[in-house]
Structure formats: C-alpha cells, structure tokens
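Note that the UniProt record's numbering gives residue 184 to position 184 of the sequence shown, counting from 1, and the numbers run on in steps of one. This report concerns only the one structure given below.
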Amino acid sequence: MSDRPDYAAFPDARGHFGAFGGRFVSETLMAALEDLEQTYRALRDDPAFWAEFDQDLAQYVGRPSPLYLAERWSRELGGAQVFFKREDLNHTGSHKVNNTIGQALLAKRMGKRRIIAETGAGQHGVATATVAARLGLECQVYMGAEDVARQKLNVYRMHLLGAEVIPVHAGSATLKDAMNEAMRDWVTNVDRTFYIIGTVAGPHPYPMMVRDFQRVIGREARAQHLAQTGKLPDALVACVGGGSNAIGLFHPFLDDDGVAMYGVEAGGHGIDTGRHAAPIAAGRPGVLHGNRTFLMETDDGQIIETHSVSAGLDYPGVGPEHAWLSSVGRAQYVNITDDEALAAFRELTLVEGIMPALESSHAVAYAKKLAPTLSPEQSIIVNLSGRGDKDIHTVAAIDGIEF
Numbered sequence: 001m002s003d004r005p006d007y008a009a010f011p012d013a014r015g016h017f018g019a020f021g022g023r024f025v026s027e028t029l030m031a032a033l034e035d036l037e038q039t040y041r042a043l044r045d046d047p048a049f050w051a052e053f054d055q056d057l058a059q060y061v062g063r064p065s066p067l068y069l070a071e072r073w074s075r076e077l078g079g080a081q082v083f084f085k086r087e088d089l090n091h092t093g094s095h096k097v098n099n100t101i102g103q104a105l106l107a108k109r110m111g112k113r114r115i116i117a118e119t120g121a122g123q124h125g126v127a128t129a130t131v132a133a134r135l136g137l138e139c140q141v142y143m144g145a146e147d148v149a150r151q152k153l154n155v156y157r158m159h160l161l162g163a164e165v166i167p168v169h170a171g172s173a174t175l176k177d178a179m180n181e182a183m184r185d186w187v188t189n190v191d192r193t194f195y196i197i198g199t200v201a202g203p204h205p206y207p208m209m210v211r212d213f214q215r216v217i218g219r220e221a222r223a224q225h226l227a228q229t230g231k232l233p234d235a236l237v238a239c240v241g242g243g244s245n246a247i248g249l250f251h252p253f254l255d256d257d258g259v260a261m262y263g264v265e266a267g268g269h270g271i272d273t274g275r276h277a278a279p280i281a282a283g284r285p286g287v288l289h290g291n292r293t294f295l296m297e298t299d300d301g302q303i304i305e306t307h308s309v310s311a312g313l314d315y316p317g318v319g320p321e322h323a324w325l326s327s328v329g330r331a332q333y334v335n336i337t338d339d340e341a342l343a344a345f346r347e348l349t350l351v352e353g354i355m356p357a358l359e360s361s362h363a364v365a366y367a368k369k370l371a372p373t374l375s376p377e378q379s380i381i382v383n384l385s386g387r388g389d390k391d392i393h394t395v396a397a398i399d400g401i402e403f
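Have a look at this one:
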C-alpha cells in the first residue's frame, strides 16, 4: 500500500491540513464562518453553481488561458522545454479574478450587499472591485500605505471601478496590516458584509474555497500539456506569497508522482539578511489571520516585518496547505532574491516579449535555474500569475526613471 496521503481528503472536517490550518478567530466571527462553510459545502456539490462559475470564467474572464511554449527562451537556457500558463492574459490581468468570481457568486447566494477585501500588489483588489462593479455591490478595499505608493496604477483602477481604497498605516503598512484591518472591519459589520480573501490563507473554509476556485489553472494546464506533448510535465513552478496561484496549479497534479513541484518564496535581500518574505525557508509554525501555518515570527511569537520588491509576496505567512505539502515532502519550497527576480523580469521581456509581474518573475527566475539541469525531452510549466504593467513604477524607480 502506498504511503502517499489521500490529498483529496484534505482539509479534514475541522479545516486542518495535518498540523496546519484550522479556525482561530473571535467568537464574533465563528458563526459567520460556520454559515459560510455550510453554504459553500452545499454549493460545492451543486452542478448549477459550478456551471454558472464556469460560464463566467469562459465569457467574462476569457478562459481557458493559453499554455505557451517559450521556444526561444528554452533554447537559450539549454535544457528543458519551458511552458508558461498565461494567467496574465485573464480579464483584470491576473489569476486573482478566478477566485473573486467564485466568492462573488457566494456573496450573491448569501444576500450580502457589501464586499470588503485586502490587497498587496493590488491585483486582488482590482479583481474584487471588478466583480463588485459587475454585481452593483458596495466595495471597500484595504491596502497598506506602502503598497498604495508602489501600486498607484492599480489604486487608480480600483477608484475607477467604484471601490473605496482604504490605506493602512499600521505596522509595516503592507499586506499583513491590510488583512488585519479587513478582519476588524468584518468583525464589526459581519451581518451585511462578505469578506473576499484573496489567497489560500485565513480561517477555514477560506483556504479550501480559494483553492477550489483556483484549481481551474492546474486542470487546464494538465489537459493542455497532454494535448500538446502527449505526456505530463516533469515540473511545475509557481511563486508563493500566500500561495493561491501555486496551489491552483499544483492541486490537480498532486497524485502524479512523476511531476515535481516548486513553490518560490521571496528571498528579498537574501535569507541570511533577515530582509525577506520566506516563511517556509526561515520561519516556524504559529497562528496568524485565523490559521496555523509557517510564519516569520520571533521567539516571543511577534511577527517580523517582511521585505520583497514584489508587493504581492510581501507577507509573513503562507497558506496552510503549502505548509503541509512541504512537511510531507510533496512540494519543494525554494527562494529567489529581489535581484534575481528583477533580472528575470527584464530577460523574459526582452527574449519572449512577455512582461511578467514581479511576483511571477520569482517563478521565472527559478525556472531559469532549473531548466538547464533537465534534458530537452523534459518540460516545465511556469505559472505566469500576473502581468507586469502594474510594476512599471517600481522597476522604473530602481532604474532612476520618473514619469
């Protein structure tokens, strides 16, 4: 009998992935989370719900996203064939819209008229503001003041879509602090508000729900790679902050033992400097934002401020399913520095005419290291989770350019 876990059985009935996950929240939110879980579990087996979800993904988001063989870049790397799953071509420019479509359908079924969200790079905020506009819902988005400054384009897009962007000045003024404020808002206004969490973190059932909505990435990639090559890929690579794009790509391949999986954390200035956002590489188990997972924290349990050139990866925790997949050895978690990610951003733009988001550039940079270690008969799928237009101001500032 195989020792391989039954991946489909997780999370368990209490929302745990092994020693990770769960629901660590105030009594005020417990009833709302139980109501959300009951609603979702009922709809999870409802073909009509998934038919509406699939129709929206096809007709509003523009799915399926292409699986593109980067022939020129693969030749330059001199090893495996590298394919890109083009989530950057989705409506709103990232994978985030898959999940917001799903959670917006839930909000509609539950009769909630007010939507809140948190965002780092702004892509989840834009996707949330987009679905709220489409459904005519009130929308407020919490965003760290630091991220407001470095993601001005996305902040303006949210304003145009009718959302109110609320800057958060507490702490490091990044994603962690935005999520803190969104949780406080939800506690206060839980009766009329639906909180669309943007990643596979937070209290149960959010990691399960977000994963389920993002699995479309891996399902499509698996079928497309089989159709184009007649076999499965040898490796998958995706960036990991909270980890929604990565779990979406990985999950449909978990039972395929021959497919290696690499989640790429933000190494910032380097793991040894302490200036990074790599909780699996350099963190420890703890509780944050309602779930138990790997965190960057002190011996006293205080959260350590993070750093990444990418706003979307600048988070001190990781989704609990990733923590579990690391602990059971199914996926490997590596890290890429700011400098390596920036180099990959520039190289892919020049060689393939594709400008990846700085988040995705971390995955591209790791694929650049991995491909030469494999043979030309082997292949890698890299998830391009978002497009780089939003990061132009960050890269231009590094180059000393002002618009």
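Beta carbons are placed, not taken as given, at the ideal position from N, Cα and C, and that holds for glycine.
Bounds of the beta strand (DSSP E) holding ILE196 are 193-196.
The residue among GLY144, GLY120, ILE115 with its C-alpha nearest the C-alpha of THR130 is ILE115. In this chain, PRO5 is not harboured by any beta strand (DSSP E), its DSSP state being neither H nor E.
In this structure, DSSP gives GLN140 an extended state, which the three-state scheme calls strand.
Around the beta carbon of GLY136, fewer than 16 other beta carbons sit within 10 angstroms, so the residue counts as exposed.
Where THR39 is concerned, the enclosing alpha helix (DSSP H) starts and stops at 27-44. Of the other Cβ atoms in all chains shown, fewer than 16 fall within 10 Å of the Cβ of PRO47; this residue is therefore exposed.
Distances from the CA of CYS239 to each of PRO356, PRO376, ILE303 were compared; the closest alpha carbon is that of PRO356.
Annotation: ALA281 is outside any beta strand (DSSP E); the continuous alpha helix (DSSP H) that includes it extends over 279-282.
Under DSSP, the beta-bridge partners assigned to THR293 are GLY286.
With fewer than 16 other Cβ atoms inside 10 Å of its own Cβ, GLN38 counts as exposed. Within 10 angstroms of the beta-carbon of VAL141 lie 16 or more other beta-carbons, which makes it buried.
Between VAL351 and GLU87 a beta carbon distance of about 20 Å is seen, past the 8 Å cut, so the two are scored as non-contacting. Three or more beta-carbon pairs separated by less than 8 Å are not found between the region 24-31 and the region 333-351, which leaves the two stretches without contact. The Cβ neighbour count for THR373, taken over all protein chains shown within 10 Å, is under 16; the residue is labelled exposed. By the Cβ rule, the region 106-125 counts as touching the region 142-150, because three or more pairs are nearer than 8 Å. Under a 10 Å Cβ-count criterion, VAL328 is classified as exposed, with fewer than 16 other Cβ atoms of the shown protein chains found around its own Cβ. With contacts defined as CB atoms closer than 8 Å, HIS289 and MET183 qualify as a contacting pair. Contact check for ALA371 against VAL82 passes: the beta carbons are separated by less than 8 Å. In the three-state scheme derived from DSSP, where H, G and I count as helix and E and B as strand, ALA266 is classed as strand. Positions of the alpha helix (DSSP H) runs, each at least 4 residues long and wholly inside the region 304-356, are given as 320-327, 338-352 in order along the chain.
For PRO167, the enclosing beta strand (DSSP E) starts and ends at 164-168. In this structure, the CA atom of ASP255 is about 49 Å from the CA atom of PHE403.
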